[in-house]
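Taking it in order: structure first as structure tokens, then the write-up.
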Amino acid sequence: MNREKPGLGACFRKAVASECNGIGKAAVMFSGGIDSALMARAVSLEIPKTALFAAGFSKSPARKSAGQAARQLRLPLKTTLLSEKALEKEIPKIKKTINSSSQMQLEIALPLYFALKAARSAKFGHVFTGMGADELFLGYDYFRRAFNGKNASEIRALQLEKLALFWENDFKRDSALAESLSLELHAPFLFPAFMKKALALPVKQNLHSSTDLLRKHALRSLALQFGIPKEIAFRRKKAIQYDSGASKAVKLIMKQCKG
2 MNREKPGLGA CFRKAVASEC NGIGKAAVMF SGGIDSALMA RAVSLEIPKT
52 ALFAAGFSKS PARKSAGQAA RQLRLPLKTT LLSEKALEKE IPKIKKTINS
102 SSQMQLEIAL PLYFALKAAR SAKFGHVFTG MGADELFLGY DYFRRAFNGK
152 NASEIRALQL EKLALFWEND FKRDSALAES LSLELHAPFL FPAFMKKALA
202 LPVKQNLHSS TDLLRKHALR SLALQFGIPK EIAFRRKKAI QYDSGASKAV
252 KLIMKQCKG
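Quick note: the sequence shown, position 229, residue 230 per our numbering, numbers continuous.
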């Protein structure tokens, strides 16, 4: 008798449970978007002592969206306020930590670093992130733009290329930042069995057309299964560096340094 293979939801639950095993309290890097909201909900079901951490400038969209989403999820949120002065002070250290002077890498790394630092100050040792979701579920607008004129196998090839770059850039960067603060980083989306399940999904289940501004449809459906409010589950993707206000600040700082 053949057993039915576990679905995406079951694979995700198993991935989260495995990462949460033996942990007493957890911090989740939080933006208020679908990836971090789903991660926060799933982790909090396993670990009651779960808190959310975010970073952004005072008037940045990230602060507002993270606050609203945290209230909807009924989870405590600590938001670190960023400033140009604080970013400028930490840039030399971050460059060394992530082994990169790339402006884009710094724009992404800085808000994450400050959120991680706040988690460390709050005596958390284990940090969860939603990294990998955009690669696994075709979340980047890059895939939408590439969709026009390409078939599913070509999109899949682009996805695998993006995933290879993720391991080389994003994963190494975020892991280095966490390690520099003596934090253990957990990324349940990268659990091997879950990755295999996600990558086996037909392209059309995540990306409908070249005009699909939402994308990640399989993940959005999964979020609804976990009780994530529709307002969060169907929120369009925003890059952390722009949403937090870090991009504008880093550009200005680096321009001043050159000048």
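For glycine and all other residues, C-beta sits at the position ideal for the given N, C-alpha and C.
Nothing here was measured: the structure is a model prediction, and the numbers come from that model.
1. Output needed for alanine 71: all residues of its chain with C-beta closer than 6 angstroms, excluding positions within five of it in sequence on either side, in chain order.
2. Give the single residue among Glu185, Leu225, Asn207 and Leu202 whose Cα lies nearest to the Cα of cysteine 21.
3. What's the gap between the Cα of lysine 65 and the Cα of alanine 56?
4. Taking C-beta to C-beta, are methionine 30 and valine 128 nearer than 8 angstroms?
5. If we call anything under 8 angstroms between Cβ atoms a contact, is arginine 42 one with leucine 74?
6. Report the option in Val204, Ala165 and Tyr114 whose CA atom is closest to the CA atom of leucine 139.
7. Take lysine 151 and list the residues in its own chain whose beta-carbon comes closer than 8 angstroms to its own, dropping the five residues that flank it on each side.
8. Using the Cα positions of leucine 166 and serine 37, report the straight-line distance between them to the nearest angstrom.
9. Near serine 102, which residues of its chain fall below 6 angstroms by C-beta distance, leaving aside the five closest residues on each side in sequence?
10. Grab the span of the beta strand (DSSP E) containing glutamate 169 for me, first residue to last.
11. With DSSP run on the structure shown, which of helix, strand or coil describes phenylalanine 148?
12. Evaluate alanine 283 with the Cβ neighbour count: other Cβ atoms within 10 Å of its Cβ, from every protein chain shown; 16 or more gives buried, anything less gives exposed.
13. Going by DSSP in three states, lysine 201 sits in which element: helix, strand or coil?
14. Could you give the distance in angstroms between the alpha-carbon of alanine 153 and the alpha-carbon of glycine 131?
15. Return the CA-CA distance between serine 61 and leucine 113, expressed in angstroms with no decimal places.
16. When the cut-off is 8 angstroms and only beta carbons count, does aspartate 36 lie next to chain B?
17. Short of 7 angstroms in beta carbon distance, which residues of its chain neighbour glycine 10, apart from the five on each side in sequence? Order them along the chain.
18. Please work out which residues of its chain come closer than 8 angstroms, Cβ to Cβ, to alanine 177, disregarding the five sequence neighbours upstream and downstream, and give them in chain order.
19. Whole angstroms are fine: how far does the CA of glycine 25 sit from the CA of serine 45?
20. In whole angstroms, what separates the C-alpha of histidine 187 from that of arginine 174?
In terms of the structure at hand:
1. Leu53 and Leu78
2. Glu185
3. 11 angstroms
4. yes
5. yes
6. Val204
7. Leu159
8. 21 angstroms
9. Lys96
10. No beta strand (DSSP E) contains glutamate 169, which DSSP labels as neither H nor E.
11. helix
12. The structure shown does not extend to residue 283, since the chain is modelled only from 2 through 260, so no value can be given for it.
13. Correcting the residue identity first, residue 201 is alanine in this sequence and not lysine. It is coil, neither helix nor strand.
14. 25 angstroms
15. 15 angstroms
16. The structure shown contains no chain B; it holds only a single protein chain.
17. Leu223 and Gln226
18. Thr98, Ile99 and Asn100
19. 11 angstroms
20. 14 angstroms
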